[in-house]
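For reference, the structure is listed below as structure tokens.
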Amino acid sequence: ELRLLAQGMAASVQGLVWVTMFLMLLMLVCGVVLVQGLREIGDTPLVGSVHPSGREYEIRDFFGNLGEALFTLFQILTLESWCMGIVRPVTHHAPWTMLVFIPYIV
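Residue 240 in the numbering used here sits at position 82 of the sequence shown, and the numbers go up by one each step.
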């Protein structure tokens, strides 16, 4: 019984690796698109998103470079303050980003 369970778990690892690779590729593509697309309006303050220092966040705080964009996309993937803190303020200034965020969330 234990051997059968171990074999089943070992067989599922391959599928899990492929799903992880797909999600990482999706995050990378979305990150590059958002960094490049939001570069011109990076200094725009995001109304309603306040930094702990008291200043408002700017778009470049979330999508200024690929590392920040990947971290932000991971935050969106975990659904941690993604709507009111990131997606709504960004789509207010760049409506085309809904074409990236909606498929990413789904």
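All residues carry an ideal CB built from backbone N, CA and C; glycine is no exception.
Item	Value
Quick check on the DSSP output: the alpha helix (DSSP H) that includes E214 runs from which residue to which?	E214 -> not in any alpha helix (DSSP H); beta strand (DSSP E) instead, spanning E214 to E216.
Thinking C-beta only, is L231 closer than 9 Å to L192?	yes
Quick check on this structure: which residue in A227, S170, Y215 and S239 has the alpha carbon closest to the alpha carbon of M182?	A227
Can you have a look at T178 and say buried or exposed, based on whether 16 or more other CB atoms are within 10 angstroms of its CB?	exposed
Do you know whose CA, among E238, G166 and T249, lies nearest I217's CA?	T249
Which value, in whole angstroms, describes the spacing of the CA atoms of I244 and F220?	8 Å
At which residue ranges does the segment 229 to 254 contain complete beta strand (DSSP E) runs of 3 or more residues, listed in the order of the chain?	none
If you draw a straight line from the C-alpha of M185 to the C-alpha of A169, how long is it?	26 Å
Can you give the Cα-Cα distance for C241 and A164, rounded to whole angstroms?	40 Å
Can you tell me which of the three DSSP states L163 falls into?	helix
For S211, does the three-state DSSP call read helix, strand or coil?	coil
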